[in-house]
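If you're matching positions, the sequence shown starts at 1 in UniProt numbering and goes up one per residue.
Using N, Cα and C, we set each Cβ at its ideal position, and we do this for glycine too.
Reading through the structure tokens given below for one structure.
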Amino acid sequence: TKEYEDAASIAMAVLIVVTVAFIQEYRSEKSLEELNKLVPPECNCLREGKLQHLLARELVPGDIIYLSVGDRVPADLRLIEVTDLLVDESSFTGEAEPCNKTDSVLLTAGDITTLSNVVFMGTLVRYGKGKGVVIGTGENSQFGEVFKMMQAEESWTPLLRSFSNLTPKTPLQKSMDRLGKQLTLFSFGIIGLIMLIGWLQGKHLLSMFTIGVSLAVAAIPEGLPIVVTVTLVLGVLRMAKKRVIVKKLPIVETLGCCNVICSDKTGTLTANEMTVTQLVTSDGFQAEVSGVGYNGEGNVYLLPSKEILKEFSNVSVGKLVEAGCVVNNAIIRKNSMMGQPTEGALIALAMKMELADIKDIYARKKEIPFSSEQKWMAVKCSLKNQEDIYFMKGAFEEVIRYCTLYNSSGISISLTPQQKAFFQQEEKRMGSSGLRVLALASGPELGKLTFLGLVGIIDPPRAGVREAVKVLFESGVSVKMITGDALETAAAIGSKLTMSGEELDQLAEAELSSTVKNVSIFYRTSPKHKLKIIKALQRAGAVVSMTGDGVNDAVALKSADIGIAMGQAGTDVSKEAANMILVDDDFSTVM
Numbered sequence: 001t002k003e004y005e006d007a008a009s010i011a012m013a014v015l016i017v018v019t020v021a022f023i024q025e026y027r028s029e030k031s032l033e034e035l036n037k038l039v040p041p042e043c044n045c046l047r048e049g050k051l052q053h054l055l056a057r058e059l060v061p062g063d064i065i066y067l068s069v070g071d072r073v074p075a076d077l078r079l080i081e082v083t084d085l086l087v088d089e090s091s092f093t094g095e096a097e098p099c100n101k102t103d104s105v106l107l108t109a110g111d112i113t114t115l116s117n118v119v120f121m122g123t124l125v126r127y128g129k130g131k132g133v134v135i136g137t138g139e140n141s142q143f144g145e146v147f148k149m150m151q152a153e154e155s156w157t158p159l160l161r162s163f164s165n166l167t168p169k170t171p172l173q174k175s176m177d178r179l180g181k182q183l184t185l186f187s188f189g190i191i192g193l194i195m196l197i198g199w200l201q202g203k204h205l206l207s208m209f210t211i212g213v214s215l216a217v218a219a220i221p222e223g224l225p226i227v228v229t230v231t232l233v234l235g236v237l238r239m240a241k242k243r244v245i246v247k248k249l250p251i252v253e254t255l256g257c258c259n260v261i262c263s264d265k266t267g268t269l270t271a272n273e274m275t276v277t278q279l280v281t282s283d284g285f286q287a288e289v290s291g292v293g294y295n296g297e298g299n300v301y302l303l304p305s306k307e308i309l310k311e312f313s314n315v316s317v318g319k320l321v322e323a324g325c326v327v328n329n330a331i332i333r334k335n336s337m338m339g340q341p342t343e344g345a346l347i348a349l350a351m352k353m354e355l356a357d358i359k360d361i362y363a364r365k366k367e368i369p370f371s372s373e374q375k376w377m378a379v380k381c382s383l384k385n386q387e388d389i390y391f392m393k394g395a396f397e398e399v400i401r402y403c404t405l406y407n408s409s410g411i412s413i414s415l416t417p418q419q420k421a422f423f424q425q426e427e428k429r430m431g432s433s434g435l436r437v438l439a440l441a442s443g444p445e446l447g448k449l450t451f452l453g454l455v456g457i458i459d460p461p462r463a464g465v466r467e468a469v470k471v472l473f474e475s476g477v478s479v480k481m482i483t484g485d486a487l488e489t490a491a492a493i494g495s496k497l498t499m500s501g502e503e504l505d506q507l508a509e510a511e512l513s514s515t516v517k518n519v520s521i522f523y524r525t526s527p528k529h530k531l532k533i534i535k536a537l538q539r540a541g542a543v544v545s546m547t548g549d550g551v552n553d554a555v556a557l558k559s560a561d562i563g564i565a566m567g568q569a570g571t572d573v574s575k576e577a578a579n580m581i582l583v584d585d586d587f588s589t590v591m
């Protein structure tokens with residue numbers, strides 16, 4: 001009866017573990033289904049001389065595609081016609097700022113991902129319109145190249161995979177394997193020793209063998225796998241309460257062993273929402289701005305008094321914010337922005353100042369759109385019973401050329417070389433801290449504008465990221481930032497030792513393994529570079545976690561010991577490649 005009781009208790013424990021594991025896996029799959037719901041991508045295609053509405057999967061090379069604001073690019077396209085086209089490639093390259101696109105023939109050779117006359121499958125049109133020829137679909141697109149790299153990471157053959165779910169083992173699984181080998185050797189040792197003693201004493205070898213086997217079996221902790229599995233299940237359930245989807249049980253233990261976290265910047269450490277954080281008016285007033293994202297949450301604080309500014313409580317700040325709101329084509333509705341991110345940041349600033357509606361009192365008569373050559377945009381507006389007025393925004397060195405006056409508390413004063421030098425110094429100060437600086441001006445005609453001031457814009461760190469990184473450092477976990485951004489943007493988020501993707505390519509495998517341990521920021525990196533970094537850290541003995549949200553992160557997520565994707569900002573590809581998904585995009589939950 002004792003044996004039956006043991007069998008029943010073990011069977012019950014196994015049933016409980018299997019049931020809980022099944023429920024958790026089912027919940028994970030259902031959650032992933034919700035996260036992966038997408039409207040089938042459609043596009044406007046010129047085929048056989050007719051403009052047709054087709055699904056992206058029906059496209060073939062040579063089709064002509066029309067693009068407009070809000071469209072997802074359905075395939076890799078070589079642009080043949082553009083009008084002020086800005087494309088958000090953050091999901092593909094990691095760059096937060098939209099890229100200016102051209103239809104010009106480019107004579108310089110190089111990586112296709114750096115070409116400005118090509119747009120890529122899955123990227124988003126933020127501004128303008130364009131027309132392009134399909135040059136790559138499905139696996140033959142740059143998006144497909146990422147999938148090929150992911151498939152290369154799965155090195156097991158179909159035959160082996162059909163017999164076993166062979167995946168890289170976690171630290172716990174490796175420890176359990178070592179324990180199993182040690183217990184096996186120990187068991188054989190006991191059997192051999194008892195048989196030897198029995199033989200020396202003249203006893204029957206079969207009975208000695210039976211005793212040896214019994215002792216060896218008794219020494220094996222048969223309940224250990226069940227205890228470990230139950231412990232992991234409890235960990236998964238605890239993570240679920242923190243809004244974290246864990247796709248495989250051993251991943252919880254792997255996270256506990258992790259000593260290096262590599263993180264993408266855009267959308268992971270930052271929210272991928274451009275935000276105004278600083279203002280400097282033409283008469284020297286400075287203000288800082290709180291709140292993140294495309295909404296009116298936050299305030300504008302006058303420095304150093306910290307007075308909260310609304311509307312025109314400070315005339316100079318009010319005029320600066322007004323100009324940014326009027327010379328603008330972005331729209332924000334219900335915390336969702338359509339248009340260029342920098343323009344969305346200016347609208348959000350106006351919302352915080354309760355000036356967003358001021359745009360409606362002006363009737364726009366003319367627009368001079370932004371271009372990469374002139375680096376400024378201007379609009380001509382009319383106001384009842386007043387002369388027409390121009391508003392301009394753009395790069396400081398270009399806008400200042402059209403200014404003859406500067407604003408001082410609502411009064412226009414002649415612009416002197418000393419004032420220009422002061423404004424230039426402020427622009428450099430803001431730019432050196434990683435901000436994208438825009439200058440604003442207004443006046444009756446171009447060439448006779450009044451300079452209003454400067455605004456500093458950045459894609460700021462997510463709430464809680466700085467505190468989380470600090471805790472991880474104090475716990476002995478190394479945090480490394482990997483981004484597709486340029487050096488200046490990367491350094492605005494982190495300020496440690498840096499290395500570019502080009503520098504990575506110049507290092508031999510052994511040299512790379514010893515170098516990456518001492519580098520905290522990697523910039524201008526491609527998916528291939530990210531994979532190199534992960535592999536180099538693993539060769540150096542690190543247990544590596546990778547967090548990301550874009551297509552460009554998917555290969556690294558697949559290769560890392562534990563891949564962590566963002567649930568809200570993450571692309572379908574990144575969530576499929578990851579082992580864990582942060583439903584609320586909260587980086588601090590990895591702790």
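Simplified DSSP assignment, three categories, for residue i
i       : result
Arg-539 : helix
Gly-138 : helix
Lys-428 : helix
Leu-79  : strand
Glu-397 : helix
Glu-297 : coil
Lys-575 : helix
Ser-207 : helix
Thr-123 : coil
Leu-355 : coil
Ala-7   : helix
Lys-129 : strand
Arg-364 : strand
Ser-526 : coil
Glu-48  : coil
Exposure of residue i, with buried meaning 16 or more beta-carbon neighbours within 10 Å
i       : result
Val-217 : exposed
Leu-59  : buried
Ser-545 : buried
Asp-584 : exposed
Phe-186 : exposed
Leu-383 : exposed
Glu-139 : exposed
Trp-376 : buried
Tyr-406 : buried
His-204 : exposed
Phe-188 : exposed
Thr-210 : exposed
Met-12  : exposed
Ser-207 : exposed
Val-471 : exposed
Lys-401 : The question names Lys, yet the displayed sequence has Arg at residue 401. Arg-401 should be labelled exposed.
Sub-8 Å separation of residue i and residue j beta-carbons
i       : j       : result
Gly-293 : Lys-352 : no
Ser-282 : Ser-408 : yes
Ser-574 : Ala-560 : no
Lys-558 : Ser-520 : no
Phe-451 : Cys-403 : yes
Val-551 : Val-146 : yes
Asn-44  : Ile-251 : no
Lys-380 : Lys-359 : no
Leu-79  : Asp-63  : no
Pro-527 : Met-149 : yes
Ser-442 : Leu-449 : yes
Nearest-angstrom Cα separation, counted from residue j out to residue i
i       : j       : result
Asp-84  : Ser-141 : 24 Å
Val-236 : Thr-19  : 14 Å
Phe-92  : Glu-273 : 16 Å
Pro-341 : Gly-324 : 13 Å
Phe-473 : Val-260 : 10 Å
Leu-232 : Glu-576 : 22 Å
Tyr-390 : Ala-421 : 24 Å
Ile-562 : Gln-52  : 44 Å
Ser-290 : Ala-152 : 45 Å
Leu-320 : Glu-467 : 33 Å
Met-337 : Val-590 : 29 Å
Thr-123 : Ser-90  : 8 Å
Thr-266 : Arg-524 : 12 Å
Leu-55  : Glu-42  : 4 Å
Cutoff 8 Å: residue i Cβ touching any chain C Cβ
i       : result
Gly-138 : As a matter of chain content, chain C is missing from the structure shown, which is built from one protein chain.
Entirely enclosed alpha helix (DSSP H) segments - the stretch 231-288, minimum 4 residues: 251-257
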